[in-house]
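With this note's numbering applied, the sequence shown covers 7 to 460. See structure below.
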Amino acid sequence: MSSAPLPRRDFLQLAGVGLLAATFGDKLFAAAPPSDAPGPFVLSHEGSGRATGYGEASKIITAAGKTHVAWLDADAEKFRVRVRTLDLATGAWSPTVDIGPAHDNHGGPALTIDSKGYLHIVYFPHHRPFHYRRSLRPHDTSAWSPEIEFGESLSYPVVLVGPDDTIYMTCRRYYEAVDHLNEMEFWKKPADGEWARQRVVLRSRHLAYVQFQDSLAWGADHRTIHLSCRIYETAPVKGAKPIETLGYLRSPDLGITWQKLDGSPVTLPATAETVEILARGGADTGRTLSAGSLAVDPKGVPHLLHSVRENGIGRTYLATPAPGGGWTRRDLQKFLPAAWRDHDFVMIGAITFSPSGRATIIGTLAKLGPGEVDWAHPSNEIVRLWSDDGTRTFRSEVLSPIDPKTPHWLPNLERPTGHHAIPEEPGIIYLAGGAGSGLKDLALNNQVWWHRYN
């Protein structure tokens, strides 16, 4: 691994030093910039092997002068979903608060906020019912409502909060008996109502294991829901390589109907054949795909991140709608710090936009040897890119600390899921440490790192 000094940004600015622009018009809880930069900080020394994983589920909320962060720990007894709060005026972190247990290392949280400032968190399962809690007080993570269970054989929550405080969620429904095609379900919870399953949006084509890796983002009208997915399907022929499809859909009516980019309707449940297809991998293509969380810029344009590994090289691409239809893909490798351009740049990662239009991207760097994979590889480091010119160009840096013996990976980026604005410098959390050998590894003593730069 390169021993070059950490590239530092030469530009330090928090645009609009006053209050940030609104995400939901006058229903915004503005995020004032901190009085002094909190810098890198270790949130926990008990991180599980997926502490910050499943980045499609946002785990960071900034509102009303505070930033709230959720993750998944694992002590000697059990997996524990936890939260801490940063006071932006003082730079002080709250004590750690236990939200509840998780079934295994796949049971990490999704965190969001409503128009009244109440925080909502969904967590726990891996092929089990979800657990849900709401904070008892606005902008306060110290006390929560009793747990509510809902659903059956669900995993991987991805949540948004609508203008009327309805919570919308996608998740995977998995059929253990392998007698039913696995699905991505769409749920909602009215502000004063109960969780209810609405419909199936995606369905696998084969009676076997599937991942949907779905990500959601609001459109500029706060009614359109944009969805990206990387559908990973077990091949129907024994011994064949899995089939991977990078896809996109949008709903103009809060999840009731779904369509492609050009507005053509898609019959539900959609499949890897009927979604809007951006790329294919696996099978006999000679390439593998990974996806990052999508984002929509202030003009309403969706931006999809994904990486492709082909011929032993991993590259990350940013896809946006092309004039006249289809998608334009741009290779982001040239925007990496010069000392790191010999590394693979791969997802897991994400993109987000602040109200000013600044784009921030996070991803993972890796330097592999023959036959190695980038999952929890010791060379893994987190890279951050940012753009103030509509994503035409980016500046970048590798986040400290850099350690060639410890993987820094599974980044989670602050994104607008509810009634909150994204700071010009959005928060980032990631895992420092190994994955463990399976789903149930406890007491790995990994570190959970927090970053935000002023």
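All C-beta atoms, glycine included, are put in the ideal place defined by N, C-alpha and C. Source: prediction; values computed, not measured.
- Taking 7 Å as the cut-off, the Cβ atoms of Gly439 and Met353 do not count as close.
- For His312, the enclosing beta strand (DSSP E) covers residues 308-316.
- Note on geometry: alpha-carbon atoms of Gln339 and Leu213 lie some 37 Å from one another.
- Between the alpha carbons of Trp201 and Gly157 lies a distance of about 8 Å.
- The alpha-carbon separation between Pro144 and Trp150 amounts to approximately 11 Å.
- DSSP, reduced to helix, strand and coil, places Lys340 within a helical segment of the structure shown.
- For Gln265, no beta strand (DSSP E) encloses it, and the DSSP letter there is neither H nor E.
- Note on geometry: alpha-carbon atoms of Gln265 and Ala80 lie some 41 Å from one another.
- Ala116 sits close to Val165, with the two beta carbons spaced by under 7 Å.
- A direct Cα-to-Cα measurement between Glu155 and His137 gives close to 5 Å.
- Taking a contact as a CB-CB distance under 8 Å, the pair Trp455 and Ile428 does not count as one, their CB atoms being some 20 Å apart.
- With a 10 Å radius around the Cβ and a threshold of 16 neighbouring Cβ atoms, Val243 comes out exposed.
- Sixteen is the threshold: when 16 or more other Cβ atoms of the shown chains lie within 10 Å of the Cβ of Leu222, as they do, the residue is buried.
- Burial is judged here by how many other beta carbons sit within 10 angstroms of a residue's own beta carbon; Ala57 has at least 16 and is buried.
- Only residues of its own chain outside the window of five on either side were considered, and among them Phe351, Val389, Ser402 have a CB closer than 7 Å to the CB of Leu342, listed in chain order.
- Beta-bridge partners assigned by DSSP to Leu252: Arg236, Ala285.
- With respect to the 7 Å criterion, Arg90 and Thr102 are classified as neighbours on the basis of their beta carbons.
- In the three-state scheme derived from DSSP, where H, G and I count as helix and E and B as strand, Ala301 is classed as strand.
- Looking at Gly97, Ile319, Arg236, Trp333, the one whose alpha-carbon comes closest to that of Gly292 is Ile319.
- Using a Cβ distance threshold of 7 Å, Asp104 and Arg88 count as a contacting pair.
- Going by beta carbons, Ile231 and Ser257 fall inside the 7 Å limit.
- Inside the region 191-243, DSSP marks whole beta strand (DSSP E) runs of 3 or more residues at positions 202-209, 221-224, 231-239, from first to last along the chain.
- Contact between the region 325-337 and the region 355-368 is absent: fewer than three C-beta pairs spanning the two stretches fall below 8 Å.
- For Met175, the beta-bridge partners assigned by DSSP are Val165, Trp193.
- Annotated as distal: Cys235 and Asp259, with beta-carbon spacing of 7 Å or more.
- Taking all protein chains in view, the Cβ of Thr412 is crowded by 16 or more other Cβ atoms within 10 Å, so the residue is classified as buried.
- Sequence-distant Cβ neighbours of Thr172 in its own chain, meaning closer than 6 Å and more than five residues away, are Lys194, Pro196.
- Proximity to Ala365 across Asp394, His349, Ala345 peaks at Asp394, based on C-alpha coordinates.
- In this structure, DSSP gives Trp381 a state outside helix and strand, which the three-state scheme calls coil.
- By the criterion of a C-beta distance shorter than 6 Å, Gly306 is surrounded in its chain by Gly225, Ala226, once the five residues flanking it on both sides are discounted.
- Collapsing the DSSP output to three states places Ala246 in coil.
- Taking Ala76 as reference, the option from Thr273, His126, Thr96, Gly45 with the minimal CA-CA separation is His126.
- Residue pairing from DSSP leaves Thr280 without any beta-bridge partner.
- Rounded to whole angstroms, the separation of the alpha carbons of His51 and Asn188 is 36 Å.
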